[in-house]
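Sequence order for the protein chains is A and B.
Letter 89 of the first sequence, counting from 1, is numbered 89 in this note's numbering, and no numbers are missing.
Letter 111 of the second sequence, counting from 1, is numbered 111 in this note's numbering, and no numbers are missing.
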Amino acid sequence: AQTVTQSQPEMSVQEAETVTLSCTYDTSENNYYLFWYKQPPSRQMILVIRQEAYKQQNATENRFSVNFQKAAKSFSLKISDSQLGDTAMYFCAFMPTWGGSEKLVFGKGTKLTVNP
Amino acid sequence: DTGVSQDPRHKITKRGQNVTFRCDPISEHNRLYWYRQTLGQGPEFLTYFQNEAQLEKSRLLSDRFSAERPKGSFSTLEIQRTEQGDSAMYLCASSQSNGELFFGEGSRLTVL
C-alpha cells in the first residue's frame, strides 16, 4: 500500500519570503504521479503542481516549484515570494499511473500561514 | 458553471437517520471519486467510478455506505443509520484519465 508522509503539521513564513514544504512517500510502483494540492480555509481543494515520476525535470508553476528525488522518494514544494493568499492547508498526494489503483493517496497536510 | 458541484453543502441530522449527498462532476470527466475529510486530516479515499462502474471501494466504506453513479453522470453517496463518527466533510472529485482531480466544495455532515 502506498503511504504519503508530511512531517510538518504547521509552518509559517513572512510575506515575500520563500518556504519549503516536505513530503515523502512509500511505494513499490515505478510509474506514478505526485501532486501538491492547496485547500484554503473553507474553500475547495485546488491543484498547485503535478509531477510525473518518469520525468527527471522538476515541475514549476510560476512561484511554485518542486524538488523531486525519486530514489529518496521525496517530493518537496517550494513557494517563492510568498503571498497572503498562499495561506492554506497543503496536501501532498500520490497516484500510480499504470495497473495500480487510480486513487489519490493524501498526506495529512501542512498548514501554512503567510504573515504580513 | 464548469466545476464540480455538491449538494447539500451542509447537512445536520440526528443519529440513526439516513442522508444522501449528490455530486455533479465536470461533464466530460469519466472518473468520479468520493473522499471523506475530518478536521485536521487529509482526505481519505472512499470509492471511485469510471463511467457507471464502481471500480474500487475502501474498507472505510462500511455496509451503511453506498454510492451510485447511474448513467455515468452524477453520483450519490448515501449513509444509512448515521453515527456520530460519520460527521465529516464528504468531498467529490472528477477527472479524465490524466490523473488530475478537480474537487467540489464538499458536503459537511454533522450527526447529533
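C-beta atoms are modelled at their ideal positions from N, C-alpha and C, and glycine is treated no differently.
Among B:P8, B:L112, B:S97, B:D86, which has the Cα closest to the Cα of B:R36? B:D86
Span of the beta strand (DSSP E) around B:D7: 5-7
Chain-order list of residues whose beta-carbon lies under 8 Å from that of B:Y48 (same chain, five-residue window excluded): R31, L32, Y33, W34, Q54, L55, E56
Considering only their Cβ atoms, is the gap separating B:E105 from B:Q6 smaller than 8 Å? yes
Spatially closest choice to B:R64 from B:F102, B:I79, B:S73, B:L109, by CA coordinates: B:I79
Could you spell out where the beta strand (DSSP E) holding B:C92 opens and where it closes? 88-95
Could you please give me the residues that DSSP links to A:I79 through a beta bridge? A:V19, A:F64
Residue environment, A:T60, which counts as buried when at least 16 other CB atoms sit within 10 Å: exposed
The stretch 43-51 of chain A in contact with the stretch 68-86 of chain A per 3-pair CB rule at 8 Å: yes
What distance in whole Å lies between the Cβ atoms of B:I26 and B:F102, which are believed to be in contact at a cut-off of 8 Å? 6 Å
Whole-angstrom C-beta distance between A:D86 and A:L47, which should lie under 8 Å: No, A:L47 and A:D86 are not in contact; Cβ-Cβ is about 15 Å, not under 8 Å.
Measuring only the C-alpha atoms, how far is A:P116 from A:E15? 5 Å
Spatial distance of A:D81 from A:T18 (CA atoms): 6 Å
Could you give the residue range of the beta strand (DSSP E) that holds B:H10? 10-13
With a threshold of 16 other CB atoms inside 10 Å of the CB of B:R69, please say whether the residue is buried or exposed. buried
I'd like the list of long-range same chain contacts for B:N51, defined as Cβ closer than 6 Å, with 5 residues on each side in sequence excluded. N30, G72
Roughly how many angstroms lie between the CA atoms of A:A88 and A:Y25, to the nearest whole one? 21 Å
Using the C-alpha atoms, what's the distance from B:T20 back to B:R81? 11 Å
Cutting at 8 Å between CB atoms, please list the residues of its own chain near A:K73, excluding the five before and the five after it. T24, Y25, D26, T27
For the beta strand (DSSP E) containing B:A67, list its first residue and its last residue. 65-68
Identify each residue in the stretch 39-62 of chain B for which the Cβ-Cβ distance to at least one residue of chain A is less than 7 Å, and report them in chain order. Q41, G42, P43, F45, Y48, E56
Following the continuous beta strand (DSSP E) through A:D26, name the residue where it begins and the one where it ends. 24-26
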